[in-house]
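Down below is the structure, laid out as structure tokens.
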Amino acid sequence: MIQKKLFLAFFRSGLVGFGGPSTIPLMQKEVVDHYQMMTLTEYSSVIAIGNIFPGPIVTKLAGYIGYELAGILVAVIAIFL
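2 is the number that numbering that gives the first Met the number 0 gives to position 3 of the sequence shown; each next residue is one higher, with no gaps.
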């Protein structure tokens, strides 16, 4: 069930957000407000950690959120969405 929620959350934000930093608030709306998978404090911490490493922030957010909620397999799937 969590895999379906993650797919819908990342699919919606990716469809509307065109990638890049503009997708961060859309992911927050889905993950924090709509599905309540994380708190705002946890989501803010994920963004801070993601900004430490080079590369696209949205991919790192999706991978970390997938890993925290459902394990390594879902993290890999979330990265490729």
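Heads up, the beta-carbon is just placed ideally off N, CA and C, and yes, glycines get one too.
Taking just the CA atoms, how far does residue j sit from residue i?
i, j, result
"V57", "M0", "22 angstroms"
"V30", "A69", "14 angstroms"
"K86", "F9", "Lying outside 0 to 80, the shown extent of the chain, residue 86 is not represented and no answer is given."
"G16", "D32", "17 angstroms"
"I48", "V75", "18 angstroms"
Quick one, are the C-beta atoms of residue i and residue j less than 9 angstroms apart?
i, j, result
"L60", "I46", "yes"
"A77", "L7", "no"
"V73", "Y66", "yes"
Decide if residue i is buried, meaning its Cβ has at least 16 other Cβ atoms within 10 Å, or exposed.
i, result
"I51", "exposed"
"S44", "exposed"
"S12", "buried"
Could you give the residue range of the alpha helix (DSSP H) that holds residue i?
i, result
"Y42", "L39 to I51"
"P24", "T22 to Q27"
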